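A quick write-up on the structure given underneath.
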Amino acid sequence: MTNMPDRSALILNMALAGQVLLKSDPRTIAVPDGAEGTLADEVLLAQAAPEAAELEYNRLFLNPIGVECYLWQSVYADQPRLLGPAHHSALDWFRRYGAEPQDPQEPADHLGLLLLFHARLIEADEPVETIDAFARDHIVWAAQFAAKLKQEARHPLYLALAREIESMCSDKSGAQAM
Amino acid sequence: MSISRRNLFRLSGAAGAGLAAAPPVQAFEDFFQPARSVYADMKTVVSACGTCSPACGMLARTKDGVIQFIDGLPGDAHSNGRLCGKGAAGAGFLYDPDRLKYPMKRTNPRKGFDEDPGFVRITWTEALDTIAAKITHYKTNFGAESLMFVTLPSPDPWLRFMRSIGVVNRIDHRDECFQTDMVVLRHTTGGKTWCNDFANSKYILLFGWDILAKAKLVYANGILDARDNGAKVVHFSPTYTATSRASSEWHNIRPGSDLAVALAMINVIVSENLYNKSFVDSFTNFAQFETQIRTHFAEYTPAWAETLSDVPAAVITRIAREFAASNASIAPSHKKTLCANYNNATQLVHAIAILNILAGTIDRPGGRYFPRTHSVPGMDAVYPPPAYPAPTGRRVDGRDKLPHAAAVDAGIFSTTADGMLNKFPGMIKFAMWRDYTTLAFPDPPSMEKAMQSVEFSVVYDFLPTDTASLADIVLPGTVNFETSDIMVRDYNARFPQSLARSVVVPPMFEVRSIGFVALELGKRLAPDYFKASDGSWINLNTLLDERTRRAGLGENFADFASKGIVEAPAPFVPRTTFPTVGGTNKCQIYVPAFETGNAEPLPKWRPKRHQPDATFPYYYMTYIPAVHRRNTSQNNAVLHEMMSENEALINPKLAARLNLKDGQLLLIRSRAGQIELKAKFTEMIRDDSVLVAHGFGHRSRLLSKSRGKGARDGDVIPYAKIDDFVATRNFGAASCIMDAVVNLTPL
Numbered sequence: 002m003t004n005m006p007d008r009s010a011l012i013l014n015m016a017l018a019g020q021v022l023l024k025s026d027p028r029t030i031a032v033p034d035g036a037e038g039t040l041a042d043e044v045l046l047a048q049a050a051p052e053a054a055e056l057e058y059n060r061l062f063l064n065p066i067g068v069e070c071y072l073w074q075s076v077y078a079d080q081p082r083l084l085g086p087a088h089h090s091a092l093d094w095f096r097r098y099g100a101e102p103q104d105p106q107e108p109a110d111h112l113g114l115l116l117l118f119h120a121r122l123i124e125a126d127e128p129v130e131t132i133d134a135f136a137r138d139h140i141v142w143a144a145q146f147a148a149k150l151k152q153e154a155r156h157p158l159y160l161a162l163a164r165e166i167e168s169m170c171s172d173k174s175g176a177q178a179m
Numbered sequence: 124m125s126i127s128r129r130n131l132f133r134l135s136g137a138a139g140a141g142l143a144a145a146p147p148v149q150a151f152e153d154f155f156q157p158a159r160s161v162y163a164d165m166k167t168v169v170s171a172c173g174t175c176s177p178a179c180g181m182l183a184r185t186k187d188g189v190i191q192f193i194d195g196l197p198g199d200a201h202s203n204g205r206l207c208g209k210g211a212a213g214a215g216f217l218y219d220p221d222r223l224k225y226p227m228k229r230t231n232p233r234k235g236f237d238e239d240p241g242f243v244r245i246t247w248t249e250a251l252d253t254i255a256a257k258i259t260h261y262k263t264n265f266g267a268e269s270l271m272f273v274t275l276p277s278p279d280p281w282l283r284f285m286r287s288i289g290v291v292n293r294i295d296h297r298d299e300c301f302q303t304d305m306v307v308l309r310h311t312t313g314g315k316t317w318c319n320d321f322a323n324s325k326y327i328l329l330f331g332w333d334i335l336a337k338a339k340l341v342y343a344n345g346i347l348d349a350r351d352n353g354a355k356v357v358h359f360s361p362t363y364t365a366t367s368r369a370s371s372e373w374h375n376i377r378p379g380s381d382l383a384v385a386l387a388m389i390n391v392i393v394s395e396n397l398y399n400k401s402f403v404d405s406f407t408n409f410a411q412f413e414t415q416i417r418t419h420f421a422e423y424t425p426a427w428a429e430t431l432s433d434v435p436a437a438v439i440t441r442i443a444r445e446f447a448a449s450n451a452s453i454a455p456s457h458k459k460t461l462c463a464n465y466n467n468a469t470q471l472v473h474a475i476a477i478l479n480i481l482a483g484t485i486d487r488p489g490g491r492y493f494p495r496t497h498s499v500p501g502m503d504a505v506y507p508p509p510a511y512p513a514p515t516g517r518r519v520d521g522r523d524k525l526p527h528a529a530a531v532d533a534g535i536f537s538t539t540a541d542g543m544l545n546k547f548p549g550m551i552k553f554a555m556w557r558d559y560t561t562l563a564f565p566d567p568p569s570m571e572k573a574m575q576s577v578e579f580s581v582v583y584d585f586l587p588t589d590t591a592s593l594a595d596i597v598l599p600g601t602v603n604f605e606t607s608d609i610m611v612r613d614y615n616a617r618f619p620q621s622l623a624r625s626v627v628v629p630p631m632f633e634v635r636s637i638g639f640v641a642l643e644l645g646k647r648l649a650p651d652y653f654k655a656s657d658g659s660w661i662n663l664n665t666l667l668d669e670r671t672r673r674a675g676l677g678e679n680f681a682d683f684a685s686k687g688i689v690e691a692p693a694p695f696v697p698r699t700t701f702p703t704v705g706g707t708n709k710c711q712i713y714v715p716a717f718e719t720g721n722a723e724p725l726p727k728w729r730p731k732r733h734q735p736d737a738t739f740p741y742y743y744m745t746y747i748p749a750v751h752r753r754n755t756s757q758n759n760a761v762l763h764e765m766m767s768e769n770e771a772l773i774n775p776k777l778a779a780r781l782n783l784k785d786g787q788l789l790l791i792r793s794r795a796g797q798i799e800l801k802a803k804f805t806e807m808i809r810d811d812s813v814l815v816a817h818g819f820g821h822r823s824r825l826l827s828k829s830r831g832k833g834a835r836d837g838d839v840i841p842y843a844k845i846d847d848f849v850a851t852r853n854f855g856a857a858s859c860i861m862d863a864v865v866n867l868t869p870l
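Printed below as a string of structure tokens:
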């Protein structure tokens, strides 16, 4: 874990990043006790002025004539689409652990869901091989997402999010190489 | 890798101990639930293709609610068990990452393509409440004429909604498609425009229609079957197409002169008494108007037609004689063809109708026939509505000056920009677009300029079209895989063969059907029209069940869906009465009703709208390529890969005169506007013309594959004016899409 001070911080920041990706209104994001770092700071700041962050969330991720920060892993495949192989793979991972996304109408390979699941795997003390396997399958790709987000984001919350994800992916890329 | 199965839910016992010492990731529980199943759910679903209108049978295989493969439905007589390439690529619409996903509203009041609308996600309730409030506001303060709905008049709940609030201005694209045929056929044969028994034809006469590449598989199968059976296929077209290649002979006709050839053929058949005397005497009004008919067509000789069409008189005469001599001849007219799109198209389809009548093949084997379908009741039959308010107000498209077009509820795309910009500026305050974009209009920049004066607009679509850029609210729509319906199928309908369009996969994200939108807006604005007799709200599923039951297709829709197709094979019994308007059960060659209403009872020669001149010396034509569906498929991953941009197709001889090189950028300029495209040399077009594919030049930033690819063909096509239609007797309101002339400058 090259960029994280400890396991707890990693879990908290990963889960926090997942929430930021899943919730457009920063006031609905629960910053866990003990969460530290730029992303947690930016969430707290955004909660004080939520309108600008919410507008930015819509612009970056939902805007029908906006930018291309797609939230789904299948869109970053060689043949971009929704509900591609990454969706099925993610669903398989979730089900092996008795879980399914709450909303069946949303693709399972949403980066926010993937980060939450990854955090929960670590939290549950799953073997490191398992955690690395999931990262290889479903986290490493997010470096592309982070690069795009870094390029397009204007609000500090999402710039911090891009850096956080970039850091996680960088760390996981290293793990993969091992 | 072997992975032990655990349960990650903190409260589910087994995992609890393992998690006790870990920091909580509470959000996990917010977004995950205990799994309902472990293994992938595999299904095979019978449904109907929705890429275009014939609704070919489709077999879809799904895993976990995701389509894995789609194929034609074996045993489906309608489509011979096949899907065309566009149909097979249909899942690309469903899984397009760019598709609209949630209702959105604009937060930036400034409108323009260079403005960021600042869309934010809202709930369906907020969206529908806002739309309902805006409709009420504008209708109350400016009358129903201030509302414009850009949509086809279907499905039933949507039509009921528009009627219930007294919509005056509903417009659609049919003036660019088969509207002229609708106007003419109700008077001449009473038949439907797209039932052609090609498979049993012996002589097929095609004016301009690239029937094979247009990829209505139903027709393509029929044409190829006919060829196999020894039929002769004659194709008149300014471009050599897939249909030309499959034809027995192809004639490189001058653009806009099809009417001259058709009139001359009638001249030959009538003057030489070659018509099917038995049919004509028994089932037409020929005898009643014989003097007028013979006199009228006498001047349209093959020699006269040759001077206009470049088709030799001897060839016209020969083809006319062959057409009349065959006992199973057919001349169809149909969508996005030259027939529909020249200013003289109404006269042309009237002439084509006369050719079919003279051949005596109306509702006869090998001819144009009436579809044999199940009788499926509409919403009004199941839930009779209160009387609808009479629509009052001005028509933005000027349709009231063309009563024969009004009689088929035409809504004219080509004249709408003129209405909004010049005739009735500021009249339209509210616009709701459903599955249309400004690309579908001639001169899209003018339509976009007109739209900027609209105070509030809504777009319902499955993709973020260019029009969405100007919208105040965007509603995400379903595609065919996400909806249910009864498909009666009237393209290949020698006997009834209805197909259940079943939901293949559940709707993604928050997309909703237009039926849902109609019902919810109806509840808010016209509740009496959306209640059953017991006072409860109409339920769309109950409506579908009841329509199914009354049509005899099953006990309910689920029962029908379990069967897939319901057929009622029966011998084809030719009609002896023809339900023409004012025709006393006979086909009408001379149409008395066309003596009024800015029409003409027999088709006269009328030139196309614009002729080449010194300033604009070349013909400009557009086409829909085989791999695309109008302007809606360019972002489909598969179809985009097959054809991602358009080019200017030009004959090498003309290119040489222009000193133009293959691949060089070419400026195409008309009186309406200009586009730039790469030149592509082809011998398959006349050397006085340029040909451009329709559907490209999207600008919406989130159409990630198609944006900025190619150019909009419509930018070169002038919008039309209703008074010009009146003056030139374009009484079917043909859109003049093919009438532009241009000059060409290498860049």
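Those sequence lines, one after another, are chains A and B. The first sequence begins at 2 in the numbering used here and counts up by one. The second sequence begins at 124 in the numbering used here and counts up by one. All C-beta atoms in this analysis are idealised placements derived from N, C-alpha and C, irrespective of residue type, glycine included. What you are looking at is a predicted structure, and each value in this text was computed from that prediction instead of being measured.
Opening and closing residue of the beta strand (DSSP E) in which residue i lies
i, result
"B/A816", "S812 to A816"
"A/T39", "Careful: A/T39 lies outside any beta strand (DSSP E), inside the alpha helix (DSSP H) at T39 to A49."
"B/Y326", "Y326 to F330"
"B/R286", "From DSSP, B/R286 is part of no beta strand (DSSP E) but of the alpha helix (DSSP H) over D279 to S287."
"B/T496", "Premise fails: B/T496 is in no beta strand (DSSP E) and is neither H nor E."
"B/G195", "V189 to G195"
Simplified DSSP assignment, three categories, for residue i
i, result
"A/L162", "helix"
"A/M169", "helix"
"B/N721", "coil"
"B/V865", "strand"
"B/Y741", "strand"
"B/A616", "coil"
"B/T440", "helix"
"B/W660", "strand"
Bounding residues of the alpha helix (DSSP H) (the contiguous stretch that carries residue i)
i, result
"B/W427", "P425 to S432"
"B/P526", "P526 to A529"
"B/F804", "Segment Q797 to F804 is the beta strand (DSSP E) holding B/F804; no alpha helix (DSSP H) there."
Proximity test, Cβ basis, 8 Å: residue i and chain B
i, result
"A/F95", "yes"
"A/G19", "yes"
"A/Y159", "no"
"A/L61", "no"
"A/E124", "yes"
"A/L84", "yes"
"A/G38", "no"
"A/L11", "no"
Chain A within 8 Å of residue i, Cβ atoms only
i, result
"B/P146", "With a pLDDT of only 44 at B/P146, under 50, the local geometry of the prediction cannot be trusted, and the value read off the model is given with reservation. Chain A, which has a Cβ nearer than 8 Å to the Cβ of B/P146, makes this yes."
"B/Y218", "yes"
"B/V864", "no"
"B/Y363", "no"
"B/D785", "no"
"B/Q575", "no"
Counted within 10 angstroms of its Cβ, other Cβ atoms place residue i as buried (16 or more) or exposed
i, result
"B/K552", "buried"
"B/T248", "exposed"
"B/E429", "buried"
"B/L867", "buried"
"B/E770", "buried"
**Prompt:** Are three or more beta carbon pairs between the stretch 804-814 of chain B and the stretch 358-374 of chain B nearer than 8 Å?
**Reply:** yes
**Message:** Below 8 Å, how does it come out for the stretch 818-833 of chain B and the stretch 576-585 of chain B: are there three or more Cβ pairs, yes or no?
**Reply:** no
**Request:** Evaluate the contact criterion for the stretch 541-561 of chain B versus the stretch 512-529 of chain B: three or more CB pairs, one atom per stretch, below 8 Å.
**Result:** yes
**Asked** Are the stretch 409-416 of chain B and the stretch 369-387 of chain B touching by the rule of at least three beta carbon pairs closer than 8 Å?
**Response** no
**Asked** Any contact of the stretch 306-326 of chain B with the stretch 500-511 of chain B, i.e. 3+ C-beta pairs under 8 Å?
**Response** no
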